[in-house]
Structure formats: structure tokens, C-alpha cells
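Beneath this line is the structure, given in C-alpha cells, with notes to follow.
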Amino acid sequence: MSPHTQTANLLLITTETSESERLLGGLREEGLASKSVSIPNADRLAETIAQRGCDIIICFASDRDLDLDAVLTAYRKLSADVPFILVTDGDTDAGLTIKARRAGVRDLVESGDSERLKLAVARERSDLFRRREADTLNGRMKDCEQRALEIIEVTSAGVAFIQDGLHVETNPAYLSLFGFETKDDVLATPFLDLVEPDAQKRVRDILRGNNSQTTSTPIELDLVCHRTDGSPFGAHLLAAPSEFDAEPCLRLILQTNAPAPTSNANTQAQGTGNELGLIRFLAEIEAHIGNERLVDRDFAIFYIRIKNSADLLRDLGLTHALELFEEFGKALEEVVAGTGFLARLGDDGFGLIVDDLGAFEAKSLAERITSQARLPGQRRATNDASADCEIGYFLVSDRAAAAEDIVNAAHRLCIGHDFTERDHVPGQPPPTSLAARVKQEVEDEDGDVSIARKIEYALHNDQLKLVYQPIISLMGDNQENYSVLVRLLDEEENLLEAKDFIGPAIRSGLIEEVDKWTIRSSIRVIGEQRKAGHNLSLFVNLSEDTFRNPSIVLWICDCLREFDVRGNWLTFQFQEELVVGNLASLSKLVETLKKIKCRVAINRFGVSERPELILQGLSLDFVLLKPSFAQGLADDADKQQRLLQLATLAKEFNVKSIVTGVEDARALTVLWTAGVDYVQGNFLQRPSPTLEVQA
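Per the UniProt record's numbering, the very first residue in the sequence shown carries number 1; after that it's consecutive.
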């Protein structure tokens, strides 16, 4: 609302009500005042302003029963920004004017001059509301800066602020990228010292351009840097003008984009230490992944492990076994020479990255490695002709998980199954997430295309609808918690539930757009309901494609700022089936969401054999148990025992438990006895487009 259209609440200080009413009537006619309150003296000045929200003070100095000195003294002590207008009689002396100005009075108006009083009130009202608007914007700007710094702290890209060529601030990822142990070490290092000589001239020009205030737009540059141990790495640099501690500086964002050139460009066996080999392997994976973790060119990850390595260590002894493993590494390097990037990831494990490899080619390469990469015959613990290694391989395409998750997937395949015995698509891991399973369950491609068109139509024509199901507290929580569900209204006005279109949305690459629409709409609803006085909190699902996008948190922050909503009014939930294959990605995301005060939940919880590992690995606020736990609960003793175990486990980690799918009253008694915190289900209330808990 424009300051010119807002009305002010007046505080009148006088004992003469007739005069004050006359002036107040004129101000109301002009639309300058809405409400008013009168006090006869200064005794309760500060208290009245705080309680009644007064905007402007009008004091009648012509009132002979008023102690003007006491009023001016009380006004000087006010901490609130409330303009003061003094109405005087016609004989205002210079002494009164000086005294009033020293006390902070904004204007002196003669008692009979109603037009000047209107002008004074209009001016002070406009100035006041503009000051308040500026204070609000300054506060939001500081919040934005704080949130930006918090996000910088947890981002995977290296971020540094440079002033006169020196580091003034860096994030942890920057320290890790270059191998610095502490922030103090990098603050004493010029940025140019971390850049290879071939790129120093260009970088120096960028630094000088910033200092001379000629850099106005971001500059991008591919260059080679080197770590503190001297090892080189390729990086993509984004430099842009910024400020730190109110001083102009240059903000640098570095991401590894390719390994530094070496004499052996195709096959590199990194044997200088297992830890260093793993670091470089992870960096090589990241170099294959573009912006927003999109994979421009498919690649395959192989994890190769020496078979029966524990037996070899036991039978041959540590030193002889490790020597044997080293010789196997050399044999493996000869087999895959010219194929891809090879690294030693452990005493008995190796990682291999190969570009442009399909499922058939990956299987053929795995068979070749298995048959040709052998332990030295004279040192083998057994004399059989079976393979000396086990292999798991994982094809990476579309949007990639964190590098750690990709390596872990290949490792799980290696230790869990032999590649020749799988009953699923060759080269692909067992579907460890709901999204992966949905992507494989394609029976009607034409139906998928039809649903995808409906989704696109709904996104462009605002045909997606939110419905809400209450999450009821069994422990007396007064917050209004609702789970958010999405419905789709197609061109024929048919209403589709999520189960009808989420699978096609995932397979057609539209699920992230659906998620973003849901997030923004949910945040808008929270803002509206909070302003109406409702203590509302919403639970929103994030799909695998969405939470793998590193920019999703920035987008959430933009939505929170747009609708002036706090992060702790929003809970993001992930399905348990997604966690195992994305633990590294989710750990970073959860940490970042916590930075902006959002809450985090695991949905469909209780399926895995070791649920405590999920609670240990992620900082959670809620777990929502799988709906099947509530089905037939009252008559199933085993299910009751399992539910009690899960609720108790959640309490041990200070996590609230929510049982979903409640369909009958008998289950409520069992749930309350088990110490469950919240319940949700159709028995309590079916999903509804309105935010009201029905009786």
C-alpha cells in the first residue's frame, strides 16, 4: 500500500476534548486519520503508544491544565519512532519553539490553522511510513545476506572473497578444494599463488579490473589451479563484484570441471594413497557433471574389488597381501589402458570411469576385466581358475546424485551381486528408490505421453490443485500441521490423483516443475494463513530429481522471501526408499535446509532393516511411518511391537513420529499407548481443498 493512501493512528495529549474532537474530525474527513486515543498527561505515554500502536502524537500546548515540560521530557525518553506535532496558541514565544525543537518536535501549528495541521499530519504520516518501509527492507536485506552466507557455507562449490588479491573470507569447500587445513592458512595466501602460471595474467587482469571498479558483470574462465600438495586440477572460475563487511571485493566461485592434463590422459592409476585416490576419483566424477547436476554425456562407474581379500590378508599376512594387491592394480591398469580414469580407492578396491558407455558395452567391459585382470599365479591363495575380482557398475545419466552416492551405488552392486547373475537391466543397479522403480515400470508409452501432455497443460494453465490432510497431535501440539497433496485437473475437467500422474511426470522429466509449483503454492498459502492468524505448518514432498538439483534451496529461499514466510513453517519430506541411494546428496541438502530453519522428515519410514542408520545419518525432525503399519493394527501383535520399536527409536534421536494411513478408531488407542506423536489418515479426515479440521 502506498504511504499516501495509509491512514494514521493518532495519540492526542490534552484535557480539552472538544478542541481535539474538532481537529480530529477535519483530519478524518481528509482521510489522514483512522483511529485516535486521548490521554490527559504524560504519565502513560510510552505504555499507550506500545499498546495502541500510535503513529503520530498531537499535543495541545494551549491546554492550561497540561504540564508541557513533563510531556516533552517523556517524549525525549521514547525509543519508538513517533512524530510529535505541537498545537500552540497564537502567541508562541521563541523560548517555547527552542524547547520544542530540542525535544524532537517535528512541527508547531497554531490552534486555529486547521489547513496547516492537515499538511503537517500528511507530511509526517508519509515520512513515517516510508521510514518504516525502509527499515523493513533493510531488515529483509540483512536476512537475505545472512541466508546467502549460510548457503555459501554449505555449498559444494568453493567460494572466496578476494580484496587486493588476498583472501578475506572462504567457505569450507574452498579450503577442501585446495587442501588448506584452516582458514588462517588461506588468508595469508594470495589467490594468484594458487593458479598455474599460464592463467595468471588473465586472473591478474580480473583482479585489477575489480579494484578499478571496471568489473560490472560476472566473468567466467576455465583455468588450472594447484593444491597445497602441488597436485593440479582443472576448475571453472566465476568472478563477480561483491561486498564483504561493507567493503568492495571480488567473489570467486570455483568448481572442478576436468582433471588437469597429464602425460597419460586416458588411464591414470592413482597409487599415491588410497585417500588421495578417492578424492581425485570423486573430483573426476564431478568433472563429468554440469550445472544443476545435469549429465551432458552419459558415463559408467565401475567398482572393482579383489575377491577373498580378507582371506588373502589372513593367509599371506599384511605386507605380502598388500604387495599382491599392488601387483593386481598394475595388471588392471594394463587391461583398461586407454579406456578411462582408474583410481585406487582402498587396499583391495579400484574405481573406473568410462565415458559414452551403454548397458551392453558396460557388461562386455566388466567381463573382459574379470577374465583378464588376475592376481599373480604363484602368489594366489588357491589354484582354481575362478575370477580374481568382483565388479559392480553403474550407468550415470540425466540428473546425477552426489559423487559419493554414485561410488556407493557401484560399491553396493559389487559386494551384493555378481554382474552375471542379476535379474534386472544389465549395468543398472537394483532399483533402490521409488523414483528408480517408477522409471522402470513403463507399460503404456502412449499413456505416458498423454499424461505428460496433461501435466504440461496443467502447469501452463494453473490446473494443478493443492489438497490438505491434517496431521493430528496426540500430545497436545497447538500447531496446525497439514500434509500437502497435489491433484491435476485436465482439459476435460477430470481430477487426477498423484498416483495417476507422478510416474509419468518422473519418466517425462516434469516432476521437478510439479515440485516447484507445489513448493511455491504451499509457501504462498502459509503466508496467507499466517497473516489471517492461523498457526499453520505444511509438509511437502520432494522428489529425487528435485532434491538432486543443487539450486533448489536458493529457489526455496526466493519463495520464502517473496511471501514473507519463515522456514520453520515448512517441512520437506523424502521417501525412505530414496535415502539409501542418495545419502550424501540428502545430507548436504538437509544441512542446508536446516540453515534456513526448514524442518525435515522421512516419509514411508520403517521399511529398511536398519532404520537407525537413517536417523544417525540425517538430522531429522519427523518420521512418517508407512501407511501399512496402521492397517489392521489393533489385531496384529507383531505389527504393534514393530511400531512400538520404531516410535521408541525415533524418541531416542529426538525425532517426532507420525503414523499415516489411520483408518479406524481402534488403531488410535494402540498408537496413543505406543507413544506416537501424531496421526494422519482418512478415518480422521480425507484430503480436502480447504484448511479446516472437520469435527
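Just so it is clear, CB atoms sit at the ideal spot from N, CA and C, and this is done for glycine as well.
So residue i and residue j are supposed to be a Cβ contact under 8 Å. How far apart are they, rounded?
i    : j    : result
E286 : T256 : 5 Å
Q631 : G661 : 6 Å
A331 : R374 : 6 Å
R280 : A343 : 6 Å
A387 : K307 : 6 Å
E576 : R530 : Wrong, their Cβ atoms sit about 30 Å apart, outside the cutoff.
E169 : F161 : 4 Å
Y468 : S483 : 7 Å
Suppose you measure from the CA of residue i to the CA of residue j; what does that come to, to the nearest Å?
i    : j    : result
T636 : R642 : Sequence check: residue 636 is Asp here, not Thr. Taking the straight line from one Cα to the other gives about 10 Å.
P232 : L495 : 57 Å
L282 : S156 : 12 Å
W555 : K516 : 9 Å
E247 : R125 : 35 Å
C646 : V607 : In the sequence under discussion, the amino acid at residue 646 is Leu, which differs from the Cys named in the question. Distance between the alpha carbons of L646 and V607 is about 10 Å.
L313 : N408 : 24 Å
R101 : V514 : 60 Å
D229 : F328 : 27 Å
E323 : N171 : 40 Å
E544 : V525 : 24 Å
L668 : R130 : 54 Å
G533 : L254 : 45 Å
L68  : L45  : 13 Å
E29  : R22  : 11 Å
Apart from the five residues on each side of it in sequence, which residues of its chain come closer than 6 Å, Cβ to Cβ, to residue i?
i           : result
Y678        : I471, S473, I658
E404        : A584
residue 700 : With the chain running from 1 to 695 in the structure shown, residue 700 is simply not present.
F653        : L615
L207        : G165
H288        : F299
E390        : R305, K307, C414
L177        : G158
Ordered along the chain, which non-local residues of its own chain (more than five positions away) have a Cβ less than 7 Å from that of residue i?
i    : result
T97  : L108
G567 : L560, I596, K597, C598
G139 : none
R293 : R399, A400, R548, N549, P550
T272 : Residue placement at T272 is poorly supported in this model, since its pLDDT is 42, which falls under 50; the coordinates still yield a value, given next. Excluding positions up to five away in sequence, the list is empty.
L626 : First, the amino acid is wrong: residue 626 is Lys here, not Leu. Excluding positions up to five away in sequence, the list reads R604, F605, G606, V607.
By DSSP, does residue i sit in helix, in strand, or in coil?
i    : result
G338 : coil
E456 : helix
C59  : strand
A157 : coil
L643 : helix
L10  : strand
A269 : Only weak support is given to the placement of A269: the predicted model assigns it a pLDDT of 42, under 50, and the value that follows is read from those uncertain coordinates. Here A269 sits in coil by DSSP.
N481 : strand
V449 : helix
N541 : strand
C389 : strand
F563 : coil
E404 : helix
P470 : strand
T88  : strand
Q534 : First, the residue type needs correcting, since residue 534 is His and not Gln in the sequence shown. Here H534 sits in coil by DSSP.
T660 : coil
H320 : helix
E493 : coil
E16  : coil
C249 : strand
V676 : coil
R204 : helix
G349 : strand
L194 : helix
Near residue i, what residues of its chain come up, given a Cβ to Cβ distance below 8 Å and the 5 sequence neighbours on each side ignored?
i    : result
C54  : N9, L10, L11, V37, T48, V82
R202 : L221, L223
I406 : I285, I301, F394, V396, A400
A601 : F539, T571, F572, Q573, F574, L620, D621, F622, V623, L624, I658
T88  : A61, S62, L96, L108, V109, E110, S111
E663 : A630, Q631, G681, N682, F683
K651 : S657, G675
Would the beta-carbon of residue i be found less than 7 Å away from any heavy atom of the ligand MN?
i    : result
K118 : Although the ligand MN was asked about, the structure shown includes no ligands whatsoever.
Taking 8 Å as the CB-CB limit, is residue i close to chain B?
i    : result
P611 : Chain labels in this structure do not include chain B; a single protein chain is all it has.
Beta strand (DSSP E) segments (min. 3 residues) lying fully within the segment 159-185: 166-170
In chain order, each beta strand (DSSP E) run of at least 3 residues that lies wholly inside the segment 588-658: The segment 588-658 contains, as complete beta strand (DSSP E) runs of 3+ residues, the segments 599-605, 622-625 (chain order).
Sequence ranges, beta strand (DSSP E) only - wholly within the segment 23-49, length at least 3: 33-39
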